[in-house]
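One structure is given here, and the rest of the page talks about it.
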Amino acid sequence: MDTQSTQTIKLPILQPELKARSTLLMALPNGHQLKFNSYKDAKTLMQAIENRFGEVIEQTYERLQKLLSQLEMHGEVTSQEDINKKFLRSLSQEWAMQTIVWRNKPEIETVEN
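Each residue of the sequence shown is one higher than the last, beginning at 1 in this note's numbering.
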């Protein structure tokens, strides 16, 4: 009687914490991924990203909002999709690859304030 044994290969399951950390690292521009890789959990990584980039992105967003307000005062109407695309174009060059991906997403209009 020929008995065949079956082996079960167990692949590691990504825990939510590891998945969140990996997602945050992948969202960073390539030049910054190595700098932020030393953060071992998603919470501290997110805090470091906000400390490094949050103010710049916030200032860019506020500047864009002022410009849009001025356009509205002159009767110009801008769709939310156009606003989102303008915001992504206004980010610095280091975010170029990420903004290309975000701009080409069909659900870009859902990226609202």
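Backbone N, C-alpha and C define an ideal beta-carbon position, used for all residues, glycine too.
For residue j and residue i, believed in contact at Cβ under 8 Å, the rounded distance
i     : j     : result
LEU28 : ALA42 : About 13 Å; that fails the 8 Å criterion.
Residue i and residue j closer than 8 Å at C-beta
i     : j     : result
ARG21 : LEU45 : yes
THR78 : LEU88 : no
LEU68 : ILE83 : yes
Top-ranked residue by Cα proximity to residue i, from the options
i     : options                    : result
GLU17 : TYR39, GLU94, GLU58, THR60 : TYR39
GLN93 : HIS74, THR60, GLN65        : THR60
LYS66 : GLN47, LYS86, TRP95, LEU34 : LYS86
LEU91 : GLN80, GLY54, GLY75        : GLY54
Cutoff 8 Å: residue i Cβ touching any chain D Cβ
i     : result
THR44 : Checking the listed chains, one finds no chain D in this structure; it contains a single protein chain.
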